[in-house]
Each structure stands twice: as structure tokens, then as C-alpha cells.
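**Q**
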Amino acid sequence: MADNVTAEDIRNWHLDDRQLFKRMVVENGRELVMCMHAIAYWIVLEQFGFPNMVQKLLLETRNMVVNRVLDEAVICIYWLQFVTSAPTVNVSDMPFTQDLMGGKPISCSILHSNRKTILTKVNKTVFESLAIGFEDIIQEVSGMTFAQLNVQHLSAFTPSELRYAGGSTSAVQSTDPNQTRFGKDEHLPESKRAIFFTFTQENTVQRKELESFLEGSFGVGCFQKITLQQVPENSQPLWASVVFYSEIPVLAIMKGRETAPITINGKKAWAGKEWL
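In the UniProt record's numbering, the protein residues as written are 1 to 276.
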């Protein structure tokens, strides 16, 4: 920060951003660091010619839409962190974001050619601007400084955490300590954070296989609980219920569908919205 620029100046530059940030973390109870990265991402998108999403979200009266657009931003930020090319299966569609943009085409595939620039600008915006501009809100909500909050946020994940890439596991490991991680949204009902997996008799999936797939896709500790069908000895379960800590894995797998095909350790299965 330049010597002649004060924290008050930065707060004034981010008045709309502060209002949206406070709405997301206070009214909607969303995770602080995740929300900061999402707002930085929207600021960067505007530099690439996309509409001002912060202003559009401030005018949006439905918290459900705000939360969906936030989830899409977090998924896209994660997706852009891959060094590999776009997967053949598009997991990066952002229907709520695109709708709020008036139908302007946007997806993580579209943004991929500028991924390094976008990620660099997002981190720079968070650490050099928003961390200062949101400092009082962070203190009010968490009782911590941004530095303390970020350390706590990162400590919940291992350095070798694997990322989600097109419905399969990726061997790309995180090397950037400033990368965002999925937060826990346990304030959401379990029905929004759950998926019901079904298997065929020929392609049954063991608990360890399911756990390995989920942790490889969304990170160690991504799920709250797994419940397998209770079957007699020497029989195999044909379904499993999974409750995640966040709604993001559900959104990434289902992509707005009622059912979705999925491959777990080479075995075909189906995912559907859980009923609880």
C-alpha cells in the first residue's frame, strides 16, 4: 500500500464490495476467506469485459441466487487452478452467473486461456486490497485479523490435497499457499449437502473406494458422513448416502440435474439428490 493511501481510502474504494461481503458472511453465514476470493474474482472478471457482478448481486433480493452465484465462483476458481487443459466433460457451467449477466456466455472453459492472469490478480486483490478494506468486518465476524483467519482457513487442509477435475481425480497438487479452499457450510440443511449414490450388482463400490474418490476429488475431510446400505454378510451394498460439509461438491457433481452418471474407480454409478 502506497504511503499516501490509507486503510480508510481502500474501504471507500470498496463500499459496494464491503456491502456484499457483509451480506454473504453475516446474513448468509458463508465462509469469510472464500467470500473474499469470490469478490476478488468478480472484480477481475470486470477487467476482462464482463458485467459488474457485485452491483448485480447487491440488487438481487433472493439469497438463494446470491449463494448459487457464490458457489459457482468458488467452483470456477478451483477449476482454474489446474495446470491441465479443460476436461472433455464440462463441469464449469455457471448458469446462475450467466443469467445474472444477462445471458453473456461465461464458463470456466472460456476463462481458461487467461487462468494464470486471473488467479494472480485474484490473489493480489485479496491480499493487497480486500484484506485491508474488509478488516473491520473480519474482526467483527470472526474476532481475528485476516492473517489469523487465513492461517486457520489453510490449516484445515493438507498440502497434498487433490483437486476436482471433470469427475475424476487429478494428480496435480497444490503448491500455492494463497489458494482458496472449500469452506464448511454446516449452517445449510443436510438435504442441500447430500448425494445418494446407487450402484449395480456388477459394479458395486466399497466404502474405501468411495472415500478415496471423494477425497481425491474434493479434498481430505470433504464429507461429514457416509452411510452404506445395510446388507447380509457376503452381500454388497447397492447404495450409499453421503453428506458433505459444503454444498459445492453437490453442485459440481449434479450440475442442476436430478440424476448424474459418475465413474468411481472405473465403476459406473449414478448420483442423485438425497432425500432426508
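Every residue, glycine too, gets a C-beta built ideally from N, C-alpha and C. Source: prediction; values computed, not measured.
When DSSP labels each residue in this structure, what does Thr145 get in the three-state scheme?
**A** Translated into the one-based positions of the sequence shown, residue 145 becomes position 145. Three-state DSSP puts Thr145 in coil, outside helix and strand.
**Q** What is the rounded straight-line gap between the Cα of Thr227 and the Cα of Ala260?
**A** Locating residue 227 in the sequence shown gives position 227, where the first residue counts as 1. Locating residue 260 in the sequence shown gives position 260, where the first residue counts as 1. Roughly 19 Å between the two C-alpha positions.
**Q** Any chance you could list the alpha helix (DSSP H) runs of at least 4 consecutive residues sitting entirely within the region 236-261, in chain order?
**A** With a minimum length of 4 residues, the continuous alpha helix (DSSP H) runs that stay inside the region 236-261 are 248-254.
**Q** Compute the distance between the beta-carbons of Val54 and Asp99, then report whether it is under 7 Å.
**A** Start at 1 with the first residue of the sequence shown, and residue 54 comes out as number 54. Start at 1 with the first residue of the sequence shown, and residue 99 comes out as number 99. For Val54 and Asp99, no; Cβs fall outside 7 Å.
**Q** In whole angstroms, give me the CA-to-CA distance for Val83 and Ser113.
**A** Your numbering for residue 83 matches position 83 in the sequence shown. Your numbering for residue 113 matches position 113 in the sequence shown. Residue placement at Val83 is poorly supported in this model, since its pLDDT is 46, which falls under 50; the coordinates still yield a value, given next. Looking at the two C-alpha atoms, the distance is approximately 11 Å.
**Q** With H, G and I counted as helix, E and B as strand and the rest as coil, what does DSSP make of Ser168?
**A** Counted from its first residue, the sequence shown places residue 168 at position 168. Any reading at Ser168 must be qualified, since the residue scores a pLDDT of 28, below 50, and its modelled position is unreliable; the value itself is stated next. Here Ser168 sits in strand by DSSP.
**Q** Give me the residue from Ala7, Cys35, Gly272 with the minimum Cα distance to Gly133.
**A** Numbered from its first residue, the sequence shown carries residue 133 at position 133. Cα-wise, what sits closest to Gly133 is Ala7.
**Q** How long is the line joining the alpha carbons of Lys273 and Pro51, rounded to whole angstroms?
**A** Numbered from 1 along the sequence shown, position 273 holds the residue referred to as residue 273. Numbered from 1 along the sequence shown, position 51 holds the residue referred to as residue 51. Their Cα atoms are separated by approximately 32 Å.
**Q** What is the rounded straight-line gap between the Cα of Leu15 and the Cα of Pro95?
**A** Translated into the one-based positions of the sequence shown, residue 15 becomes position 15. Translated into the one-based positions of the sequence shown, residue 95 becomes position 95. When rounded, the distance between both Cα atoms is 27 Å.
**Q** Decide if the region 188-195 is in contact with the region 247-258; the criterion is three or more beta carbon pairs, one per stretch, under 8 Å apart.
**A** These segments touch.
**Q** Quick check on Phe48: buried or exposed, where buried means 16 or more other Cβ atoms within 10 Å of its Cβ?
**A** Along the sequence shown, read from residue 1 onward, the residue named residue 48 stands at position 48. Exposed.
**Q** Quick check on DSSP: helix, strand or coil for Gly133?
**A** Here residue 133 refers to the residue found at position 133 of the sequence shown. Note: Gly133 maps to helix in three-state DSSP.
**Q** Throw me the rounded Cβ distance for the Ala38 and Val65 pair, which I believe falls under 8 Å.
**A** Here residue 38 refers to the residue found at position 38 when the sequence shown is read from its first residue. Here residue 65 refers to the residue found at position 65 when the sequence shown is read from its first residue. With a Cβ gap of about 14 Å, Ala38 and Val65 do not count as contacting.
**Q** Name the two residues that bound the continuous alpha helix (DSSP H) containing Gln98.
**A** The residue given as residue 98 occupies position 98 in the sequence shown. Segment 95-100, the alpha helix (DSSP H) holding Gln98.
**Q** Please state if the CB of Val126 and the CB of Met36 are separated by a distance shorter than 7 Å.
**A** Taking the first residue of the sequence shown as position 1, residue 36 is located at position 36. Taking the first residue of the sequence shown as position 1, residue 126 is located at position 126. In this structure, Val126 lies closer than 7 Å to Met36 by Cβ.
**Q** On a Cα-Cα basis, can you pick out the residue from Phe146, Phe199, Asn28 that is closest to Asn67?
**A** Indexing the sequence shown from 1 puts residue 67 at position 67. Per the Cα distances, Asn28.
**Q** So, helix, strand or coil for Ile106, using DSSP?
**A** Reading the sequence shown from its first residue, position 106 is the one you call residue 106. Correct three-state label for Ile106: coil.
**Q** Under 7 Å, do Ile106 and Thr97 count as touching if we go by C-beta distance?
**A** Your numbering for residue 106 matches position 106 in the sequence shown. Your numbering for residue 97 matches position 97 in the sequence shown. Yes.
**Q** When the Cα of Thr200 is compared with those of Leu214, Glu215, Thr263, which residue comes out closest?
**A** As a working note, residue 200 is residue 200 in the sequence shown. Closest option to Thr200, Cα to Cα, is Thr263.
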